[in-house]
Structures are given as C-alpha cells and as structure tokens.
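Data block below; observations after.
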Amino acid sequence: MNICVFLSAADLADRYTRPAREFAELMGKGGHTLVWGGSDTGLMKVVADGVQETGGRLVGVSVEFLAAKARAGADEMVIARDLAERKKLLLDKADAVVVMVGGTGTLDEATEILELKKHRRTDKPVVLLNTAGFYDGLKEQFRRMEDDGFLPVPLSDLVFFAQEPVGALAYLEESRGVV
14 MNICVFLSAA
24 DLADRYTRPA
34 REFAELMGKG
44 GHTLVWGGSD
54 TGLMKVVADG
64 VQETGGRLVG
74 VSVEFLAAKA
84 RAGADEMVIA
94 RDLAERKKLL
104 LDKADAVVVM
114 VGGTGTLDEA
124 TEILELKKHR
134 RTDKPVVLLN
144 TAGFYDGLKE
154 QFRRMEDDGF
164 LPVPLSDLVF
174 FAQEPVGALA
184 YLEESRGVV
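So our numbering is basically just the index in the sequence shown, starting at one, shifted up by 13.
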C-alpha cells in the first residue's frame, strides 16, 4: 500500500519522534511505501529513515522552494512547482493517508483530504495519529462541526483517530483489505 504521511519537517521532542518512528518501522516491515513531502529534515527524516531501514520504499514529493532539503536516495522524488501541485501529487500517489503531528502546512493538507472525502471525491482512508493528545482540540472541533450540522457526513466516515501507531496501520490495512 502507498501510504501518504502528512507531518512536520521540524526537529521535535521524543514524545513525537518515537511514535512516528514506530509507525514508520511498521510500514517498512509491512512492505508499504511511504509517500511524503520528500524532506530529509526533522520528523520527515525520522519517518523516511524508519521506513527505508525496515524494507519499505520512499516516494517523495518536494516543492521547488524546498528542493534543497529533498532526501537523496529516495526510490522516487518529484519536485512540484508549488504547494497546491505538491498536495495533488501526494494524494494521487497514495492509497491511504496518515496525518501525524505538524504545523499549519500539515493542517492544510489534512483539511484538504477531509474536504475531498466530505464531497465524495475520494474514498481513501484517513487516520489522524493523535500522538500525545496533539489532535485532541481538533477532534473536539470536528465533533462540534458534526453536532452543529456543518458536516453532511458522519465524522467517522471522514477520519479515524488513532492513539497508537499499531492501531493506525491496522485501520488502514483493514480499510484497504491488506493482510
């Protein structure tokens, strides 16, 4: 399975890097391919290292203004013109999506895939890996959107909130019929 992971390129504390590394190793051992923003820095590097070191493939989609930070040695690396093209290419190459911890760019990517799902423009499973409760506030906001009528489909049809890496991958594999 090609799994797109949206996440930060920042250097982060162990409470964030450890679960990300665990998910990456599970991906690699499962024979999955990482589709990611292509950066060889911060959390993006942690995940790419974990996948590659355990036998998975790497498909990166960087963007022109960040191309200098693109990972050398990826199995495939595409350089997009801009962030909009990057998001489209990432989603086109993916069978499923995992959102890990990140900043505004990660949030932008997450809401784009959820909007596509809301409008039934994709059926790819989406997981928010809620490491250290990072997305608790977002989950609460989504619930309010659902309760107050802003989501025309149930929240559970849009996204699965996983507390642990093993649960995130199990959900994706079950959703896509991968054993």
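For each residue, glycine too, the CB sits at the ideal point set by N, CA and C.
Open item on the list: Using only the alpha-carbon positions, how far apart do Val139 and Asp27 sit?
Closed with: Along the sequence shown, one-based indexing puts residue 139 at 126. Along the sequence shown, one-based indexing puts residue 27 at 14. Computed Cα separation, rounded: 24 angstroms.
- [ ] Measure the C-alpha to C-alpha separation of Leu71 and Ala87 and round it to an integer number of angstroms.
- [x] Within the sequence shown, numbered from 1, the residue matching residue 71 stands at position 58. Within the sequence shown, numbered from 1, the residue matching residue 87 stands at position 74. Their Cα atoms are separated by approximately 5 angstroms.
Open item on the list: Using a Cβ distance threshold of 8 angstroms, determine whether the segment 40 to 51 contacts the segment 145 to 152, with at least three qualifying pairs required.
Closed with: Contact between the segment 40 to 51 and the segment 145 to 152 is absent: fewer than three C-beta pairs spanning the two stretches fall below 8 angstroms.
TODO: Output the residue ranges of the alpha helix (DSSP H) runs that lie fully inside the segment 164 to 191 and measure 4 residues or longer, sorted by chain position.
DONE: Those alpha helix (DSSP H) runs which fall completely within the segment 164 to 191 and span 4+ residues are 168 to 171, 178 to 188.
- [ ] Could you check what DSSP says for Gly73 in three-state terms: helix, strand or coil?
- [x] As a first step, residue 73 is located in the sequence shown; it is residue number 60 there, counting from the start. Reduced to three states, the DSSP call for Gly73 is strand.
Open item on the list: Tell me the residue span of the beta strand (DSSP E) that contains Leu47.
Closed with: One-based indexing of the sequence shown puts residue 47 at position 34. That run of the beta strand (DSSP E) goes 46 to 49.
TODO: Can you grab the Cα-Cα spacing for the pair Glu125 / Leu102, in whole Å?
DONE: Translated into positions along the sequence shown, residue 125 becomes position 112. Translated into positions along the sequence shown, residue 102 becomes position 89. Each residue's Cα considered, the two are about 13 angstroms apart.
Open item on the list: By the DSSP assignment, the alpha helix (DSSP H) with Phe19 in it spans what residues?
Closed with: Here residue 19 is taken as the residue at index 6 of the sequence shown, counted from 1. Annotation: Phe19 is outside any alpha helix (DSSP H); the continuous beta strand (DSSP E) that includes it extends over 15 to 19.
Task: Closest Cα partner of Thr16 within the set Arg31, Gln176, Ser52, Gly73 - done: Translated into positions along the sequence shown, residue 16 becomes position 3. It is Ile, not Thr, that sits at residue 16 in the sequence shown. Nearest C-alpha to Ile16: Gly73.
Task: Exposure label - Ala80; buried when at least 16 CB within 10 Å - done: Sequence index remark: in the sequence shown, residue 80 carries index 67 (1-based). Ala80 is exposed by the Cβ-count criterion.
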